[in-house]
Every structure is written in C-alpha cells, then in structure tokens.
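Taking it in order: structure first as structure tokens, then the write-up.
Protein chains: 2
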Amino acid sequence: MSLENILLGMLDKPASGYDLKTEFSEGARHFWAAELSQIYPTLKRMEQRGWLCSEVASSAKGPPRRVYRRTADGRKQLLEWLRSGPRMGTERFAYLAQLCFMHELGDLEQTLDFMIELRSRLADFLLLLKNAEAELTPAGEEFPESLSEVDFHGYLGIRMGIHSLTAKVAWCDEALERIRKRQSPQVVRSAARKA
Amino acid sequence: MSLENILLGMLDKPASGYDLKTEFSEGARHFWAAELSQIYPTLKRMEQRGWLCSEVASSAKGPPRRVYRRTADGRKQLLEWLRSGPRMGTERFAYLAQLCFMHELGDLEQTLDFMIELRSRLADFLLLLKNAEAELTPAGEEFPESLSEVDFHGYLGIRMGIHSLTAKVAWCDEALERIRKRQSPQVVRSAARKA
DNA sequence: CCACGCATGTAATAGGTTACATGATTTA
DNA sequence: TAAATCATGTAACCTATTACATGCGTGG
C-alpha cells in the first residue's frame, strides 16, 4: 500500500497524525493526498504491525499529541518498497476524461469555460511547487550539487512536478487558442496580428 | 463517482463490459484505468439505477455478450458531471513519492537505476499516445479544424497527455544527468565537452 | 463567550484490486 | 490437444471519502 510507505518515508522524524496531514497539505508532498480520517487508522494499523511505535506527549496548545516514530522493521519495509521499482498505473485524471466527453454538451463555449477553469487550477498548483522549489534553492551557489542527499531527492521530485505542470498549463493555452479558432476563425486571426 | 461517468461517456455506442475494458487497455483512454472485476458490477449497478439498459446478444466467437446502452437518464447524469467543473485532486503519483524517499537507500546508483526504468516506462506510454494521435491526424489537411466535434475533443485530451509525458521524459533525462554529475563530476564534464 | 486553530478519532459508505471460477471458439 | 482470445462474473480484501463527534487553549 502506497500511503503506508509514504508515511514511513515522511517519518524520518517523529511526527503526529496531524503533523503528517499538514505536510500533505503544504504542497511539499505534491505526489499524494490523504485525509486525517485515513491517516489516523493507518498509523494505528502500522503500529500494530510493528512498523511504528508511539507515545503521547502533551502539547503547548490544544490536547495531547500522539507522536509516532518508525521502528527498524518499519524502515526495512520502506526500503523494500523503494527497491521494488517504479510503481506506475495509479494515475487517474478525471478532468481529462471530462474533457474527452465534453462534446456531448454540444456547445464549444462550455469546453472553453472548462479549460479556463482547469488552467487556473493547474497554474495555482504550479505556483505552489515553484515556492517549494525556491525554498530549496540557496542563491549564488553550485546547485544542485550543494544540496544534501535528502534535499537533492526532494528537488528532483519537485522539478518533475514543475515540468509536467508547466507543460499542462502551456497545453491549456494552446487548447484555448484552438477552441477559439474553431468558434470564429476571423476574430482570432485579427487578434493574432495584434500580438 | 468518476468511473460511472466515464463508462457513460464511453457508451455513446452500445458496448459490453469486455468491449469497455478493451478500450481502457488500448491507450485511447489514457486518463483512467479499470479492471473487468470492477467494470461488471458497476455496469450492473448503473442498470439498476436506470442509467443503462442491456440485452444479451449471441457472439460469433465465445459465449453470449451482454450489451449495454445508456438511457436518457444516463445521458442526463453524464451531462451533469460534465457541467460540474474540472474534478481535480484525484492525482496520485506513487513513483514520485518513491523518488523523494530514495535517499533512504543511501546509494545514488539505485536512484539512477530507478530513473532509467521510470524513463523507459514513461517513454513507452508516450509512444502509445502518439500512435493514438496519428490515428486522428489525416495527412495534408486543415488540422485540427477538419475534425468532428467528438474527435476534436479526443484530440485535445490526447495532446494534453502527450505534452505532459514529453515533459516528464525530458525531466528524466535532466535528472539522470544531474545524478551522474553528482556521482562523478569530472567524467560528466569531459563527456559534455564532446557533445 | 465565540470563533479559530490544534488535536484526536469513529462510522458509514464508496471505490478499487487480487484471486478465483467458469466456459465457448479458434488457431497452431 | 494445448494455448490464446473471447466472455462473464463472484468473493474477499484493501483503500479512500464524507460525515460526524469530541474537546483544549488562545485571542478578539
């Protein structure tokens, strides 16, 4: 199960369920999503299996926290997963499916609106990743050779996301142009002369 | 549920569960994956809800086929989904998570092997999409304006996949170079002079 | 005192995978 | 006659989402 292994990977430092959820939300973990209601039972199950251990620590603000750390067995499990080769086939793009069937609406205007909204959402996400990248990038140094092993791998992951999202946003723009051209060829041609 | 709506979208022509599975596997439906064992019960459930109707037809080869077609209610449901705006947040990239935690192995050589394998898998998939694109592309015509509404939308979807995968493969190459540079800076620098 | 952020969880339901079970027809 | 392709499904299990329920501490 991927989530279990991802949590093991994130637990290179002790953390509570709440901490882990925060990490998922902050965009650093752009490759996966999980809700608290899934994280809590998963952590409990992993502890029962002996991959984690936990202790309750009182918190400055709010109720006491259950802090997890991974065991030797947990780390062993993580390494196995890492060595098992790239796990593919979990990709699912509902929005692409929607686009492909959009012709059923029989109205290109709605395809256009859809693509405008999609572009905006993808661009927002891209910005998030670029911020994460900026945090890793120290100014005026030999880069990325200067990074630690941990940050170097994080950097590779973030860059993959940035490349893919940049390409998607660019394609949204091209698609928008094609749709507008299809709607009214003349208008777009004169707009193109201005640009 | 996305799968239900996707099946509704695919059922613009009558088809059996087996037919639909074939369509998923052939790469034209690169945005989603589903197994037969999920498709059959889903179709049954949708028929009970009145979104589909079915009849058994004998087949030339093999046992008789249950052929589904969508009802007016089914089409209504599809249109609602299409009008609900882009469905985001279902993306999950297990392989990116693996890459980010790869430092735990403490051996860049394994990161390298991982990226080589990943690149090869992504490139294979890209080829599949390019073939699908070629099937839509008639030679020497006004393109894509000449396409039907259905094919135009399919074309947009395929192009999105091609753009994103091309970017990912390119990033694999850049990542491989960075990893090699980190392993042995001198070797790569002399190789770069040759190129 | 109320809203907000911190912090934990459960229950019900929905969605998805793997393994199993069956059987016809065609091609090598 | 054995393997491949066509064709349908069930059962057990695992994974994920949504809604609900609880309660502390701080700042306005």
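Going down the list, the sequences are from chains A and B.
Quick note: to get the numbering used here, add 320 to the position in the first sequence (first position is 1).
Quick note: to get the numbering used here, add 320 to the position in the second sequence (first position is 1).
Cβ coordinates follow ideal geometry from the N, Cα and C atoms, glycine included.
- Listed as beta-bridge partners of residue 375 (chain B) by DSSP are B:387.
- In the three-state reduction of the DSSP assignment, residue 380 (chain A) falls in the coil class.
- Shortest Cα-Cα distance from residue 335 (chain A) to any of A:496, A:416, A:376 and A:447 involves A:376.
- A:321 is the residue among A:504, A:503 and A:321 whose C-alpha sits nearest the C-alpha of residue 400 (chain A).
- The alpha-carbon of residue 351 (chain A) is positioned some 24 Å away from that of residue 436 (chain A).
- Residues of the segment 357-391 of chain A whose Cβ lies closer than 9 Å to any Cβ of chain B: none.
- Contacts with chain A (Cβ-Cβ distance below 8 Å) from the segment 403-422 of chain B involve 403, 405, 406, 407, 408, 409, 410, 411, 412, 413, 414, 415, 416, 417, 418, 419, 420, 421 and 422, listed in chain order.
- With 16 or more neighbouring CB atoms inside 10 Å of its own CB, residue 397 (chain B) falls in the buried class.
- As the crow flies, the alpha-carbon of residue 408 (chain B) is around 29 Å from that of residue 455 (chain B).
- Taking the C-beta atoms as reference points, residue 402 (chain B) is found no nearer than 8 Å to residue 390 (chain B).
- According to DSSP, residue pairing for residue 336 (chain B) in a beta bridge involves B:387.
- Within chain A, the residues 480, 483 and 484 have their CB atoms less than 7 Å from the CB of residue 488 (chain B), given in chain order.
- Linking residue 484 (chain A) to residue 445 (chain A) through their CA atoms gives a straight-line distance of about 11 Å.
- Residue 438 (chain B) sits away from residue 503 (chain B), with the two beta carbons spaced by 8 Å or more.
- In the DSSP assignment, residue 466 (chain B) falls outside any alpha helix (DSSP H) and carries neither an H nor an E.
- The contact set of residue 498 (chain A) on chain B, defined by CB atoms closer than 7 Å, consists of 464 in chain order.
- Rounded to whole angstroms, the separation of the alpha carbons of residue 330 (chain B) and residue 481 (chain A) is 30 Å.
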